[in-house]
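Report on the following structure.
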Ligand SMILES: Cc1cc2nc3c(=O)[nH]c(=O)nc-3n(C[C@H](O)[C@H](O)[C@H](O)COP(=O)(O)O)c2cc1C
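In my numbering, the protein residues as written are 50 to 220.
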């Protein structure tokens, strides 16, 4: 099952009008909740935005982002926030980014499993989104994703072959 979802997941940038059922929304949030994290500190907070005017306002900040329209048109926007103080930092490696990466990807994979689409959005103006959503200064807004039923299901984007990404025993 997991491998099927890995293979079928796509970044979805075109959404239909069909609303997301509450059970499905709760299922994807539950998947995010179950993620591993630094010392199990679960540094994340998710903001679920359904209000069209808020989604429009955030979309308006995403000039040139290929996912801009998706934020305005998908029925739900999920914004992934992290408290860096509730995660680890080792030699300039900030593990709150890893924590959010795992948790949000759990959410995206369960969304795919439920027939829903998502698209990671990492390129945005954090200050403008912070102001729209009233996120406190000590909290980082790491990523967001639209959530809804795909209207267009794109072809798979290629990946490097295993030989290019794996070394055995040492670099
Ligand atoms: C950390 C991260 C940030 C991303 N930011 C954006 C973004 O700002 N806008 C966008 O349209 N796609 C964004 N993407 C989606 C990637 O472009 C996409 O995952 C990649 O092209 C592979 O396509 P696939 O997800 O359909 O397999 C992001 C993906 C990741 C993992």
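Note that beta-carbon positions come from the ideal geometry of N, C-alpha and C, so glycine has one too.
- By the CB criterion at 9 Å, residue 119 and residue 149 fall outside the cutoff.
- Here residue 64 is bridged, per DSSP, to 199.
- If you check the C-beta of residue 137 against ligand 1, you find no heavy atom less than 8 Å away.
- Cβ-Cβ separation between residue 96 and residue 182: approximately 6 Å, consistent with a contact (criterion under 8 Å).
- Under the three-state reduction of DSSP output, residue 117 falls in the helix class.
- A Cβ-Cβ contact shorter than 9 Å links residue 131 with residue 93.
- For residue 95, no alpha helix (DSSP H) run applies; the uninterrupted beta strand (DSSP E) run containing it begins and ends at 93 to 98, by DSSP.
- According to the DSSP assignment, residue 153 belongs to the alpha helix (DSSP H) that extends over 144 to 162.
- Secondary structure note for residue 131: its beta strand (DSSP E) is the uninterrupted segment 125 to 131.
- Between ligand 1 and the CB of residue 172, the shortest heavy atom gap is smaller than 8 Å.
- Here residue 178 is buried. Its C-beta has 16 or more other C-beta atoms within 10 Å.
- The residue among 194, 162 and 125 with its C-alpha nearest the C-alpha of residue 57 is 162.
- In the three-state reduction of the DSSP assignment, residue 188 falls in the coil class.
- Within its own chain, the residues whose Cβ lies closer than 7 Å to the Cβ of residue 190, once the five positions on either side in sequence are excluded, are 128, 130, 175, 178, 179 and 184, listed in chain order.
- When the Cα atoms are used, residue 74 and residue 217 turn out to be separated by approximately 41 Å.
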